[in-house]
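Engineer: For reference, the structure I am asking about is given below.
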């Protein structure tokens, strides 16, 4: 299976949108995004995540409401087999990308990732100051709470009655974990580079995913059809299936330096103090 694994609000959806646009006509893509009456109507590159409750409930003898997060992790390998079977039965689309926000790591000596069912991982990262602005809106929290959450070594995220929990830990730990993914093939890309040079960067992503008959012209077309302003307008008129109940809008700004005007100075300094080493490594400081 092919995954897009990232800390939240780092470009995960954008990568999957461009992959969908690469394989679908514009009419097919927009009809699916405007009228997702059921998850099966969505393109394969947007349909799948690794934390759907039904994947886990299928192989759990107990209601998920009665089990702990460590038990969820024990169920994960079998749940991923359920996901893989479902994907293979429902689509031949390639790439069929699976959304994940899990770190690369383990819980109680159980790996969250296994090379037997992981073919490729695209790992977008983003300036944590910009993430703080977007994530605060996503979770309906203030900036200070969000910055604290981003530095919580036990941080997890889930959606009650819809998704089991994803293990995030801190932003720095999350980023580092995917830089040290061992045998897994991982392609890391900065959100800022996607913004600055989208055609070249998405070409490299799709090449990494071994997309057949790859051409720069088709990548350029896919990028154009999923530009931020177009997706924002589509959401304003039709909504967007990944928007949570706490969000006023999913496609919020898409900026790379909007934090300079939005984020309070003390919060920005806290994030730089908490994550300075990794920020410097990736050119954010």
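Residue numbers (the working numbering): 2 to 286. Quick reminder that beta carbons are idealized off the backbone N, C-alpha and C, glycines included. All values derive from a computational prediction rather than experimental measurement.
What residue from 10, 178, 112, 139 has the CA that sits closest to residue 100's CA?
Structural biologist: As a position in the chain shown, residue 100 is number 99, starting the count at 1. With distances taken between Cα atoms, residue 100 lies closest to 10.
Engineer: With a threshold of 16 other CB atoms inside 10 Å of the CB of residue 270, please say whether the residue is buried or exposed.
Structural biologist: Residue mapping note: residue 270 aligns to position 269 of the chain shown, counting from 1. By the beta-carbon neighbour count (other beta carbons within 10 angstroms, threshold 16), residue 270 is exposed.
Engineer: Assuming residue 98 and residue 17 form a contact by the criterion Cβ under 8 Å, report the distance between their Cβ atoms to the nearest whole angstrom.
Structural biologist: Indexing the chain shown from 1 puts residue 98 at position 97. Indexing the chain shown from 1 puts residue 17 at position 16. Yes, residue 98 and residue 17 are in contact; Cβ-Cβ is about 5 Å, under 8 Å.
Engineer: Taking only runs of the beta strand (DSSP E) that begin and end inside the segment 177-233, which ones reach a length of at least 3 residues, in chain order?
Structural biologist: 187-191
Engineer: State the DSSP-derived secondary structure class of residue 10, mapped to helix, strand or coil.
Structural biologist: Translated into the one-based positions of the chain shown, residue 10 becomes position 9. The answer is coil: DSSP assigns residue 10 none of H, G, I, E or B.
Engineer: Taking the alpha helix (DSSP H) that residue 76 falls in, what are its first and last residues?
Structural biologist: Counting from 1 along the chain shown, the entry for residue 76 is found at position 75. For residue 76, the enclosing alpha helix (DSSP H) starts and ends at 70-91.
Engineer: Please report how far the alpha carbon of residue 242 lies from the alpha carbon of residue 14, in whole angstroms.
Structural biologist: By 1-based counting over the chain shown, the position of residue 242 is 241. By 1-based counting over the chain shown, the position of residue 14 is 13. Residue placement at residue 242 is poorly supported in this model, since its pLDDT is 48, which falls under 50; the coordinates still yield a value, given next. The alpha-carbon atoms of residue 242 and residue 14 are separated by roughly 11 Å.
Engineer: Can you tell me whether DSSP reads residue 158 as helix, strand or coil?
Structural biologist: The residue given as residue 158 occupies position 157 in the chain shown. Correct three-state label for residue 158: strand.
Engineer: Drop a sphere of 10 angstroms on the beta-carbon of residue 238, count the other beta-carbons inside from all chains shown, and report buried for 16 or more, exposed for fewer.
Structural biologist: For this step, residue 238 is matched to residue 237 along the chain shown. Because the pLDDT at residue 238 is just 46, under 50, the model does not fix this residue reliably, and the point stays unresolved.
Engineer: Helix, strand or coil, according to DSSP, for residue 259 in the structure here?
Structural biologist: As a position in the chain shown, residue 259 is number 258, starting the count at 1. It is coil, neither helix nor strand.
Engineer: Return the first residue and the last residue of the beta strand (DSSP E) that residue 121 is part of.
Structural biologist: As a working mapping, residue 121 is identified with position 120 in the chain shown. Residue 121 -> beta strand (DSSP E) spans 121-126.
Engineer: CB-CB under 7 Å to residue 285, same chain, minus the five flanking residues each way: which ones, in chain order?
Structural biologist: Taking the first residue of the chain shown as position 1, residue 285 is located at position 284. Correct list, in chain order: 128.
Engineer: Which whole-angstrom value describes the C-beta separation of residue 268 and residue 192, a residue pair presumed to lie in contact below a C-beta threshold of 8 Å?
Structural biologist: What you label residue 268 is simply residue 267 of the chain shown in a count that begins at 1. What you label residue 192 is simply residue 191 of the chain shown in a count that begins at 1. The pair is not a contact, with the Cβ atoms about 19 Å apart (cut-off 8 Å).
Engineer: With a cut-off of 8 Å on the beta carbons, I'd call residue 8 and residue 169 a contact; round off their distance for me.
Structural biologist: Locating residue 8 in the chain shown gives position 7, where the first residue counts as 1. Locating residue 169 in the chain shown gives position 168, where the first residue counts as 1. About 6 Å; that satisfies the 8 Å criterion.
Engineer: Using a Cβ-Cβ cut-off of 7 Å (strictly less than) and excluding sequence neighbours within five positions of residue 202, which residues of its own chain qualify?
Structural biologist: Residue mapping note: residue 202 aligns to position 201 of the chain shown, counting from 1. Closer than 7 Å at the Cβ level, and outside the excluded window around residue 202, lie 190, 194, 195.
Engineer: Does the distance from the CB of residue 119 to the CB of residue 2 come in under 9 Å?
Structural biologist: In the chain shown, the residue the question calls residue 119 occupies position 118. In the chain shown, the residue the question calls residue 2 occupies position 1. A contact, by the Cβ cut-off of 9 Å.
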